[in-house]
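Asker:
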Amino acid sequence: MPKKALVVLSLVLVFASVGALAQDYRVLPLGVAGTPYADLEIGTRGGTLRTSMISNPRHFNSIMVRDTASAWVPDRMFHGLIERDTMTMEYVPVLAKSWEVAADGLSITFHLRQGLVWSDGEPFTAADVMFTWEDLWLNPDVDARRVVWELPDGTLPSFEKIDDYTVRVRVTTWFRPLLSAVGGTPILPRHKLWQEVRKLNPALEACRFNTAWGVDVRPEQMAGMGPFVFAQFIPDLMIRMVRNPNYWQFDPAGNRLPYFDEVRVLIVESIDVGVLMFRNAETDAISPRPEDLAIFLREGPVRGYRTVIGDIPFFGQEFLTFHQDVPDANLRGLFRDLRFRRAVAHATDVDTIIDTIFMGLGVRQWSPVAIPSPFFAPEMKYVYEYDLEKSAALLDAIGIMDRDRDGIREFADGTPVEFEIYTNAGNTLR
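Residue numbering for the sequence shown follows our numbering, starting at 22 and increasing by one per position.
Here's what the structure looks like:
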């Protein structure tokens, strides 16, 4: 898990917040001594923030997101009922103003903020929450990742609308990630999407919602509760988002957020191109690779930008995963075998990767649960040390042997063990 480094021009970048201005609004406690925000200042309204990324989005539907490029617009356009504060790592109320967990741990009641409206002016209510949870996430016609909601007994949560601003989640057994899994799910606008759901509009073909809000969507077809709303997408060139005029968060001086009028994401061929554009002042912010830090630290004082290296591990991580439903029967059986995945783990020299590729700005990820997460339990970690002999022994136990002594292991039927690894070509770290 790499530590997060960020390089920015002399701009005040403020998007999220905690605290309270009034019962139903949340503000940034800027300048408050003893908080992570003590050194932040009130920003100035206006301007455009420019950044870059190396891939085109595939769609703007948050439920269908499977890649970081497609997540860029939804992440800035939608909120969950709660979110994790990235500086304190605590869960904070967002579209919900508060919540209570039942004494038996089998239900959570969320109280929504009242008076909020979507970017198009339509009221935000429990109907939007129930639509997102029941009509989308629990709908078998929608390709949602319901596995993240699956309880230890194999069931899924149930939901209840108490009134227009109160909803309840019930489960049949204890499920520690329930608050984050359900409460953190981005809420989508019912009034913009119900007609794309076959359950609510039976005349539609099956799985219609899975293609809703594709890259050809018109801005007026969307509405959000986030700080910015979608405005334009030009493939291989740019994504443009504009300030949400109805955004419900304010700073301590009473200024409606966000400060920026517009955000532009320039789509570039590679990280190298993105770095060059930043150095030429064509973009305003970048998350650099460790190999770029020496240049940025040297040039920053001359070119007027600063490099910030956080002391908290970033939630992002580099990982290798195997397609366990691959059509090839040999590979399918191999990828599903825990011994094979352990063999790969023991054959991966993580420490050298951290030292050489990440220049020491990384830490081992010991489990699927991120280290900064409150759910990470150090005593449960399993250390897969770099050990080629142990890796080879595991492969031997599976029956993957080098039968003809050509240096390549084969399956029992003599077929060589070979498969392709895919990644985005513009990411030189990978």
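C-beta: ideal position from N, C-alpha, C; glycine also.
All figures in this text were calculated on a predicted structure; none of them were measured in a lab.
1) Here's the rule I'm using: 16 or more other beta-carbon atoms within 10 Å means buried, otherwise exposed. How should S83 be labelled?
2) Taking L159 as the reference, give the member of M74, T130, I378 and V203 with the closest Cα.
3) To the nearest angstrom, how far is it from the Cα of L278 to the Cα of F317?
4) Under 8 Å by Cβ, that's how I've got G454 and I75 pegged, so tell me the actual separation to the nearest angstrom.
5) Applying the criterion that 16 or more other CB atoms from any shown protein chain within 10 Å of the CB defines a buried residue, is Q253 buried or exposed?
6) Could you compute how far the alpha carbon of Q44 sits from the alpha carbon of Q270?
7) Return the chain-ordered list of same chain residues with a C-beta closer than 8 Å to the C-beta of P248, the five sequence neighbours on each side being excluded.
8) At what residues does the alpha helix (DSSP H) containing W93 begin and finish?
9) To the nearest whole angstrom, what separates the beta carbons of R430 and L416, a pair I think is in contact under 8 Å?
10) Confirm, please, whether the CB-CB distance from D434 to Y407 is below 8 Å.
11) By DSSP, does A364 sit in helix, in strand, or in coil?
12) If you follow the beta strand (DSSP E) that L133 is in, where does it begin and where does it stop?
13) Counting along the chain, where does the beta strand (DSSP E) carrying E121 start and finish?
14) Quick one: what does DSSP say R8 is sitting in, helix, strand or coil?
15) Of all the options H132, I307 and F343, which has the alpha carbon lying nearest to the alpha carbon of I330?
16) Under three-state DSSP, which class holds G466?
17) Residue range of the beta strand (DSSP E) that S179 falls in?
18) If you check the beta carbons only, do G126 and W195 fall under 8 Å apart?
19) Any idea what DSSP makes of M74, helix, strand or coil?
20) Does the separation of the CB atoms of A227 and R239 fall below 8 Å?
21) State the beta-bridge partners of V263 as determined by DSSP.
22) Is the beta carbon of L209 less than 8 Å from the beta carbon of V192?
23) Using alpha carbons as the reference points, say which of A302, V347 and D349 lies closest to R327.
24) Would you mind working out which of I419, M380 and V86 sits nearest T232, comparing C-alpha positions?
25) Would you kindly report the start and end of the unbroken alpha helix (DSSP H) that includes V113?
26) Can you tell me which of the three DSSP states H344 falls into?
27) State the Cα-Cα distance for the pair I442 and V138, rounded to the nearest angstrom.
28) Could you check the C-alpha separation between F251 and V94 for me, to the nearest Å?
29) Cα-Cα, which of D376, T146, Q216 and A418 is closest to E312?
30) Across which residues does DSSP place A227 in a beta bridge pair?
31) Give the secondary structure of T232 by DSSP, where H, G and I count as helix, E and B as strand, and everything else as coil.
32) Can you check the segment 131 to 218 for any beta strand (DSSP E) of at least 3 residues that lies completely inside it and give the ranges in chain order?
Answerer: Quick look at the numbers:
1) buried
2) Comparing C-alpha distances from L159 to each of M74, T130, I378 and V203 shows the shortest one belongs to V203.
3) Each residue's alpha carbon lies about 30 Å from the other.
4) Since the first and last residues shown for the chain are 22 and 451, residue 454 lies out of range.
5) Exposed, by the Cβ-count rule.
6) With a pLDDT of 40 at Q44, under the threshold of 50, the modelled position of that residue is not reliable, and the figure given next carries that caveat. Rounded to the nearest angstrom, the two C-alpha atoms are 12 Å apart.
7) F36, R97, R264, N265, Y268, Q270, L278 and P279
8) T89 to M98
9) With a Cβ gap of about 6 Å, R430 and L416 count as contacting.
10) no
11) Three-state result, A364: helix.
12) S128 to L133
13) A117 to V122
14) With the chain covering 22 to 451 only, the question about residue 8 has no answer from this structure.
15) Comparing C-alpha distances from I330 to each of H132, I307 and F343 shows the shortest one belongs to I307.
16) Residue 466 lies beyond the range of the chain shown here (22 to 451); nothing can be said about it.
17) S179 to D184
18) yes
19) Secondary structure of M74 (DSSP, three-state): strand.
20) no
21) V250 and E283
22) no
23) A302
24) V86
25) Not the alpha helix (DSSP H): V113 falls in the beta strand (DSSP E), residues Y112 to P114.
26) coil
27) 45 Å
28) One Cα belongs to F251, the other to V94, and the distance between them is close to 7 Å.
29) D376
30) In DSSP, A227 forms no bridge with anything.
31) helix
32) 179 to 184 and 187 to 191
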